[in-house]
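Asker:
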Amino acid sequence: MTKIALTVTCRSTRGIVAAIASFLAEQGCNITDSAQFDDFETGNFFMRVSMTPETGATRAELEARFAETAKGFGMDYAFHDESQKMKVIIMVSRFGHCLNDLLYRWRIGALPIDIVAVISNHMDYQKVVVNHDIPFHCIKVTKENKPQAERRIMEVVEETGAELVVLARYMQILSDEMCQKMSGRIINIHHSFLPSFKGANPYKQAFERGVKLIGATSHYVTADLDEGPIIEQDTVRVTHAQSPEDYVSLGRDVEASVLARAIHAHIHRRVFLNGNKTVVFPASPGSYASERMG
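Just so we're aligned, residue 2 is where the sequence shown starts under the working numbering, counting upward by one.
#1: Check this for me: beta carbons of residue 219 and residue 263, under 8 angstroms apart or not?
#2: Please name the residue in 221, 208, 170, 160 whose C-alpha comes closest to that of residue 188.
#3: Closer than 7 angstroms by C-beta to residue 107: which residues in its own chain qualify, once you throw out the five before and the five after it? Chain order, please.
#4: For residue 39, which of helix, strand or coil comes out of DSSP?
#5: Going by DSSP in three states, residue 221 sits in which element: helix, strand or coil?
#6: Within the continuous alpha helix (DSSP H) that includes residue 241, where are the two ends?
#7: Under DSSP, the alpha helix (DSSP H) around residue 105 begins and ends at which residues?
#8: So the candidates are 203, 125, 118, 134; which of them puts its Cα closest to the Cα of residue 163?
#9: Roughly how many whole angstroms lie between the Cα atoms of residue 5 and residue 62?
#10: Going by C-alpha to C-alpha distance, which of 246, 167, 178 sits closest to residue 202?
#11: What separation, rounded to the nearest whole angstrom, lies between the Cα atoms of residue 105 and residue 139?
#12: Give, in chain order, every unbroken run of the alpha helix (DSSP H) that is at least 4 residues long and sits entirely within the segment 165-209.
#13: What is the rounded straight-line gap between the Cα of residue 149 and the Cα of residue 8?
#14: Using the three-state DSSP reduction, which class does residue 226 fall into: helix, strand or coil?
#15: Can you say whether residue 131 is buried or exposed, counting buried as having 16 or more other CB atoms within 10 angstroms of its CB?
#16: Do you know offhand how far residue 101's Cα is from residue 87's?
#17: Kindly indicate which three-state DSSP category residue 234 falls into: helix, strand or coil?
Structure, rendered in structure tokens:
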């Protein structure tokens with residue numbers, strides 16, 4: 002059965018939910034999951050509705066017919082076919098734990114995406130990527146060729162029709178131009194529980210401070226380094242008896258799971274930008290189910 006998701010953003014006022022529910026009922030749609038949020042500080046309203054059309058209405062028809070309802074509330078809205086997999090490019094450097102985790106989740110269907118390419122500035126993971134029948138692009142980056150390298154990256158994005166770029170421990174800073182052009186379409190994993198312990202070696206900083214929690218943060222990429230809207234975070238407990246190497250090992254696991262959860266939220270249209278923050282709705286029932294066990 003066709004499943005469609007409606008996403009709505011507008012100014013908060015009374016009658017929005019009633020108008021949406023009435024429209025969907027009139028169109029023969031059964032609402033199977035719904036989430037909403039009123040931000041009292043900004044006055045913004047966010048909503049995501051999953052539905053199954055029971056009288057033959059298509060996604061395109063619903064989107065066109067909804068225009069009149071949306072106009073009355075000044076809504077930004079879109080209807081999404083939930084069976085259509087988002088096209089994703091993964092970028093990686095020399096730390097492969099996040100890449101390997103994503104490939105596994107993709108392979109078993111736990112992360113329903115279409116990986117259209119993997120881009121790296123090194124050759125380390127060419128074989129593992131090609132063995133998954135995924136195109137691999139090695140695009141070297143130096144101080145001298147960075148503008149040309151980014152142009153080539155954007156060519157791959159455009160050629161593949163990628164809707165999302167995932168920085169799975171890609172250790173190159175993207176230009177302001179690329180960040181702005183791809184706003185809301187690049188997700189990064191940061192090996193720290195932001196905003197603390199920034200920089201090249203946050204685990205060493207955490208170790209020297211004797212922290213009891215280490216973690217990871219996944220966020221949208223903006224021109225402000227590691228300051229983009231946060232999508233997902235998590236932590237793991239550590240003790241005084243553990244070494245910096247233990248921190249790194251434990252941190253790898255957290256990074257992989259946090260990045261996967263952030264991607265899962267994005268591809269299911271559960272993430273809404275709200276200024277410098279995000280609204281992230283809970284997952285719909287069944288959306289974590291895998292197609293196969295391994």
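For each residue, glycine too, the CB sits at the ideal point set by N, CA and C. Keep in mind it's a predicted model, so treat the numbers as computed, not measured.
Answerer: Taking the structure as given:
#1: yes
#2: 221
#3: 114, 116
#4: strand
#5: strand
#6: Boundaries cannot be given for residue 241, as no alpha helix (DSSP H) includes it and DSSP labels it neither H nor E.
#7: That run of the alpha helix (DSSP H) goes 98-109.
#8: Relative to residue 163, the option among 203, 125, 118, 134 whose CA is nearest is 118.
#9: 12 angstroms
#10: 246
#11: 21 angstroms
#12: 177-182
#13: 37 angstroms
#14: coil
#15: Classified as exposed, residue 131 has fewer than 16 neighbouring CB atoms from the shown chains inside 10 Å of its CB.
#16: 19 angstroms
#17: strand
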